[in-house]
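**Student:** Pasting a structure below so you can have a look.
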Amino acid sequence: MDIIIHRIRLRDGVDRATFESWVRETDYATCPLLPSVLSFDVQRAEADTAAAFHYFEVISVSSREDFRRDMEGDTFHGLAAEFEKLATVVDELAGERLEPGYRAA
736 MDIIIHRIRL RDGVDRATFE SWVRETDYAT CPLLPSVLSF DVQRAEADTA
786 AAFHYFEVIS VSSREDFRRD MEGDTFHGLA AEFEKLATVV DELAGERLEP
836 GYRAA
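The sequence shown lines up with residues 736 to 840 when you count with the working numbering.
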């Protein structure tokens, strides 16, 4: 399993409530239509409008190649177009999880 982390900065004039509503109602709802996505969540990071980033998202995918294929489809293109009106990705980290990891029971 691969993990992708994006640091996200809101565009000027976009408020947190608008972005967070879009994440909950559109971004999360679209994930089941992207077969490579195993899990996805967005975290608030910084409220200061001058901050380098305001949120980060963590995407677990079956593989980066599978995710690239999903990114070529209309579903992802529509999602990306909406996202670009609200925010921008300022940084990306990607890697492969050292299994099994730890999760509390």
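Note that beta-carbon positions come from the ideal geometry of N, C-alpha and C, so glycine has one too.
1) Given that a residue counts as buried once 16 or more other Cβ atoms are within 10 Å of its Cβ, and exposed if not, what is S771?
2) Just list the residues that DSSP pairs H741 with in beta bridges.
3) DSSP state of D776, grouped into three classes?
4) Of the residues A780, T761, I738, which one's Cα is nearest the Cα of F811?
5) Work out the CA separation of S797 and R759 for me, nearest whole Å.
**Tutor:** Reading it off the structure:
1) Per the 10 Å Cβ criterion, buried.
2) In the DSSP output, where bridge partners are listed per residue, H741 has E792, E827.
3) In the three-state reduction of the DSSP assignment, D776 falls in the strand class, which pools E and B.
4) The shortest C-alpha separation from F811 is found at T761.
5) Roughly 22 Å separates the two Cα atoms.
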